[in-house]
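Chemist: Dumping the structure here so I can ask a few things about it.
In this note's numbering, the protein residues as written are 20 to 101.
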């Protein structure tokens, strides 16, 4: 992992908050699983580019679900706090 600047930490913090807010942005589970997953993947990729490391979010083996949002945002916050 590369050294994080304060600016990068702020961007990562915003990404993590955006990830946690995804679950409330979609009308139904189908929309969440399609559009939500796309938005989630984009946010995770942005964070991974800044961190220069992979974010492990599928801790359960169930793939993308609401728990993935918590896992990904928590992983980002843990990295920021290192």
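Cβ coordinates follow ideal geometry from the N, Cα and C atoms, glycine included.
Quick one: residues in its chain with C-beta nearer than 6 angstroms to the C-beta of residue 76, no 5 flanking neighbours on either side, listed in chain order?
Modeler: Residue mapping note: residue 76 aligns to position 57 of the chain shown, counting from 1. So the qualifying residues of the chain are 87, 90 and 91.
Chemist: Is the stretch 26-34 touching the stretch 77-84, taking contact as three or more C-beta pairs under 8 angstroms?
Modeler: Taking 8 angstroms as the limit for Cβ pairs, the verdict is that the stretch 77-84 does not touch the stretch 26-34.
Chemist: Hey, quick one: how far does the alpha helix (DSSP H) through residue 39 stretch, first residue to last?
Modeler: In the chain shown, residue 39 corresponds to position 20, counting from 1. Taken as a continuous stretch (DSSP letters only), the alpha helix (DSSP H) holding residue 39 covers 25-40.
Chemist: So, using beta-carbon positions, are residue 41 and residue 58 closer together than 7 angstroms?
Modeler: For the purposes of this step, residue 41 is taken as the residue at position 22 of the chain shown. For the purposes of this step, residue 58 is taken as the residue at position 39 of the chain shown. In contact: residue 41 and residue 58 (Cβ atoms closer than 7 angstroms).
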